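> Everything in the sequence shown is counted per UniProt numbering, starting at 1 for the first residue and increasing by one.
Heads up, the beta-carbon is just placed ideally off N, CA and C, and yes, glycines get one too.
All values reported here derive from a predicted model rather than from experimental measurement.
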Amino acid sequence: MWRNSKDRFGTITKSFHWVMALLIMAMFGLGRYMTGLPPSRDLIYYYGLHKSFGILLIALIVMRIFWRKSNPAPKPLGDDARANRLAEIMHRILYLLMVLVPLLGWAGSSASGLGASFFNLLNMPNIAPENETLELLLFRIHEIAATLLVILALAHAGAALYRHFIKRDDTLRRMTIR
Ligand code: HEM
Ligand code: HEM
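#1: Does DSSP classify residue 15 as helix, strand or coil?
#2: Return the chain-ordered list of same chain residues with a C-beta closer than 8 Å to the C-beta of residue 20, the five sequence neighbours on each side being excluded.
#3: Is residue 9 buried or exposed, if buried means 16 or more other CB atoms sit within 10 Å of its CB?
#4: Compute the minimum distance between the beta carbon of residue 172 and the heavy atoms of ligand 2, and state whether it is under 7 Å.
#5: According to the Cβ coordinates, are residue 129 and residue 54 closer than 8 Å?
#6: Could you round the C-beta distance between residue 52 and residue 118 to whole angstroms and report it? I think they count as a contact, below 8 Å.
#7: I need the straight-line Cα distance from residue 6 to residue 105, nearest angstrom please.
#8: So residue 112 packs on residue 135, CB below 8 Å; how close in whole Å?
#9: Keeping to the same chain, check which residues put their C-beta closer than 8 Å to that of residue 170; ignore five residues upstream and five downstream.
#10: Quick one: does the C-beta of residue 98 sit closer than 7 Å to a heavy atom of ligand 2?
#11: Among 152, 23, 67, 132, which has the Cα closest to the Cα of residue 2?
#12: In this structure, does DSSP put residue 66 in helix, strand or coil?
#13: Pick out whichever of 81, 88, 24, 115 has its Cα sitting closest to the Cα of residue 44.
#14: Which first and last residues belong to the alpha helix (DSSP H) in which residue 147 is found?
#15: Could you check if residue 132 belongs to the surroundings of ligand 3, using beta carbon to heavy atom distance under 7 Å?
#16: On a CA-only basis, which of 40, 82, 4, 152 is nearest residue 74? Give me that one, please.
#17: On the three-state DSSP scale, how would you describe residue 110?
#18: For a test of the three-state rule: what should DSSP assign to residue 84, helix, strand or coil?
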């Protein structure tokens, strides 16, 4: 039940998947929204929120990768080997971006000199030297990588819906209710 089995995803994998999918989409919206705000108290509040949930996502992706390593995914469904290979490559890229995007945000915040805290409970150490050129560069890559992550996640969701409604297999069902 908790762990994946030969042909099913367990509750822990499903929880990681859906909680993180939701958080990532919300973080993308929040990031776009807050960077358009005029300097204000709201701006400071939303930046703090974005950084805190971003740090939460770093902790989640580390735990998720450990869980995945000790708990292999079930075999892909269907006999289209090319589609399944493509799905596997897509999953790897999504994992990579789920690591890179928040790390770049953390590094950019370090380079800005403001740093990042986790809900004002824990101050994160700086992982890049304070430098304005570096800050702009890191945030630019943070933005591009986050956009790529969301576009690929949408394509990935499209593929899941295609398998569900057109191919009519259990791919989406076994990541949700089955
Ligand atoms: C998966 C997690 C994350 C996603 C999807 C995400 C997404 C975004 C997006 C879309 C923007 C707006 C970029 C723009 O349009 O200029 C942004 C900006 C920003 N992000 Fe993130 N972010 C994540 C994690 C983090 C983390 C962990 C931190 C820091 C600890 C962080 C710090 C920032 C900061 C400070 C900005 C504003 C940069 C600026 O003022 O130009 N982000 N993020
Ligand atoms: C930010 C959003 C998302 C991210 C980052 C993401 C990422 C991933 C990753 C990395 C896997 C591979 C799991 C593994 O084998 O270890 C996966 C599996 C899966 N995802 Fe997503 N996902 C997102 C959103 C969605 C959405 C919106 C849907 C459905 C509409 C979806 C449907 C699925 C399904 C059905 C699987 C299982 C595939 C299989 O059986 O091999 N995902 N997702």
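On the basis of the coordinates in this document:
#1: helix
#2: 57, 60, 61, 64, 98
#3: buried
#4: Distance from the C-beta of residue 172 to the nearest heavy atom of ligand 2 is below 7 Å.
#5: At a Cβ-Cβ threshold of 8 Å, residue 129 and residue 54 do not count as neighbours.
#6: 5 Å
#7: 37 Å
#8: 5 Å
#9: 77, 178
#10: yes
#11: 67
#12: helix
#13: 115
#14: 132-165
#15: The ligand content of the structure shown is limited to ligand 1 and ligand 2, which means ligand 3 is not among them.
#16: 4
#17: helix
#18: The answer is helix: DSSP assigns residue 84 an H, G or I state.
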